Structures are given as C-alpha cells and as structure tokens.
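The next block holds one structure in the form of structure tokens; read it before the comments.
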Amino acid sequence: MVSWFHQTELTTVLDLARCEEFRRRLDAHGIPYKVKVKDRSSPWFSLWGGRERTGVFFQNASLDRQYVIYVSRENLSLAQAVTGLEAKR
6 MVSWFHQTEL
16 TTVLDLARCE
26 EFRRRLDAHG
36 IPYKVKVKDR
46 SSPWFSLWGG
56 RERTGVFFQN
66 ASLDRQYVIY
76 VSRENLSLAQ
86 AVTGLEAKR
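Now the structure itself:
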C-alpha cells in the first residue's frame, strides 16, 4: 500500500483499458500503487445538485471517469520506466 504522505501521481487516464495496462505493468514488476477513480459527472457541492438534473453539457459520456494512479516517491522513476511515461516537469 502506498502511504498518503509519501505518494506522488504517476499519471491520469480517462480510459479503463489503459489504466488496467498500467496496473498490469506495475504488478509485474512488484511496484505498489494506488488508483483513485473520480466521477466527473457527479454533482459538485457548490452547484447544489445541478449536474444530476442537467448533466454535463458537451461532455463525452465515455470520458466521465478519471483514473489517477499514485506510486510512492521512491518508486517513481522505476514506475515511469516500466510504464513508458516521461517525468513531469
């Protein structure tokens, strides 16, 4: 398990298949990770329930989930090499 205090974001994807690909690569190399799923179509507290009635205009329905993959800071460079991602600057 990745500690909340020592985690850093590896990547954010909007496709479940791509998220599963990254997860398989991290599992194959024994790198611990955590995935957070954000529902981009859910109501936001400041809208007071506006999104569940009207939806999100002009948003593709297949992109309503956002997957954020976190790894520990000490495993970041290894995870980037395994997944083929470049370092963020």
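If you read the sequence shown in the working numbering, its first letter stands for residue 6, the second for the next number, and so on.
Note that CB positions come from ideal geometry on N, CA and C, so glycine has one too.
The model shown is predicted, which means the values in this text are computed figures rather than measured ones.
So for Y75, helix, strand or coil by DSSP? strand
Would the beta-carbon of T17 fall within 8 Å of that of Y75? no
Assuming L15 is part of the beta strand (DSSP E), what are its boundary residues? 12-18
If you measure between the beta carbons of A84 and L31, is that distance less than 8 Å? yes
Just mark F27 as buried or exposed, buried being the case when its beta carbon has 16 or more other beta carbons within 10 Å. buried
R45 and R70 - do their beta-carbons sit closer together than 8 Å? yes
Would you report the Cα separation of A2 and R78, rounded to the nearest angstrom? Residue 2 lies beyond the stretch modelled for the chain, which goes from 6 to 94, so this question has no answer here.
Is the beta carbon of L81 sitting closer than 8 Å to the one on L19? no
Candidates G89, V42, P37, of which the one nearest H11 by Cα: P37
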